[in-house]
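Participant: Numbering-wise (the UniProt record's numbering), the sequence shown opens with residue 1 and increments by one. A virtual CB, placed ideally from N, CA and C, is assigned to each residue, including glycine. All values reported here derive from a predicted model rather than from experimental measurement.
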Amino acid sequence: MYRWKMPETPGTGATVRNLSVTAERRRAIRVRTEGSRVSGIDECLREAMTLPGARGAALVEWISGLSLGRVGETPGGDPEAAAAEAAELARMAVEHGVFEPAETLDGPSGPGAQDTGKGLPVEDVILVTRTGYHLLRYVEAPFDGGVFLHLWLDRDQANLALAMRHVRDLAERLVLV
């Protein structure tokens, strides 16, 4: 189980984030395309932007709240704030037990029933606003702290089911080393 609480800066209510590892983690991420690896973050995000209604995409480290890459528009206009706020939502979904996979009397159920219990309990977070969708897809990472893909979609133009399938495929092709 992942547990982490962001410390507060005394007297300010502001939070402190670890900024030291972003560059090396960014270099370590690649996308697998048909058996080969390519320089991945930017290509992955550009591919996410090919979806109908895509307004912006980012790959965010959910422990520190730092964006490892982004393309397109940013909700609210401030990319750093958008990444940090999306990371808070991503952390909340993973840290709270209410979102753990349900089990029946016969054992685990659902698509991950055959899993060994490894990995995060949450796969996606979908936030629906009056004008758009925010899709957060968690990506498994071998290092301490994970990343997620954040796709921002226009509600009038996007197909949420198609976006979920496409982002799931992108997340599976990301190779984190």
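Can you tell me whether Arg46 is buried or exposed, with buried defined as 16 or more other CB within 10 angstroms of its CB?
Facilitator: Counting Cβ neighbours within 10 Å, Arg46 comes out exposed, since fewer than 16 surround it.
Participant: Which residues bound the beta strand (DSSP E) around Glu61?
Facilitator: Where Glu61 is concerned, the enclosing beta strand (DSSP E) stretches over 54-61.
Participant: If we call anything under 7 Å between Cβ atoms a contact, is Leu135 one with Ala163?
Facilitator: It is a contact, given that the beta carbons lie within the stated cut-off.
Participant: Does DSSP classify Arg70 as helix, strand or coil?
Facilitator: Strand.
Participant: Of the residues Thr131, Leu170, Leu160, which one's Cα is nearest the Cα of Leu149?
Facilitator: Of Thr131, Leu170, Leu160, the residue nearest in Cα terms is Leu170.
Participant: Grouping DSSP H, G and I as helix and E and B as strand, with all else coil, what is Leu160?
Facilitator: It is helical.
Participant: Could you compute how far the alpha carbon of Gly53 sits from the alpha carbon of Glu80?
Facilitator: Their backbone Cα atoms lie some 22 Å apart in a straight line.
Participant: Using a Cβ-Cβ cut-off of 7 Å (strictly less than) and excluding sequence neighbours within five positions of Val167, which residues of its own chain qualify?
Facilitator: Excluding residues within five positions, the ones whose Cβ falls inside 7 Å are Ala48, Leu135, Arg137, Leu149, Leu151.
Participant: Is the distance from the Cβ of Gly72 to the Cβ of Ala57 below 7 Å?
Facilitator: Yes, these two residues count as a Cβ contact at 7 Å.
Participant: Quick one: give me the first and last residue of the beta strand (DSSP E) that Arg137 is part of.
Facilitator: First-last of the beta strand (DSSP E) with Arg137: 132-139.
Participant: Where Arg155 and Glu95 are concerned, what is the direct C-alpha to C-alpha distance, given to the nearest angstrom?
Facilitator: Going by the C-alpha atoms only, they are around 28 Å apart.
Participant: Could you give the residue range of the alpha helix (DSSP H) that holds Leu45?
Facilitator: Segment 40-48, the alpha helix (DSSP H) holding Leu45.
Participant: Going by C-alpha to C-alpha distance, which of Glu123, Pro142, Glu172 sits closest to Phe99?
Facilitator: When only C-alpha atoms are compared, the closest one is Glu123.
Participant: With 16 as the cutoff for other CB atoms within 10 Å, does Ile63 come out buried or exposed?
Facilitator: Buried, since its Cβ has 16 or more Cβ neighbours within 10 Å.
Participant: Determine the closest residue to Leu59 out of Thr50, Ala82, Gly76, with distance taken between C-alpha atoms.
Facilitator: Out of Thr50, Ala82, Gly76, Ala82 has the C-alpha closest to the C-alpha of Leu59.
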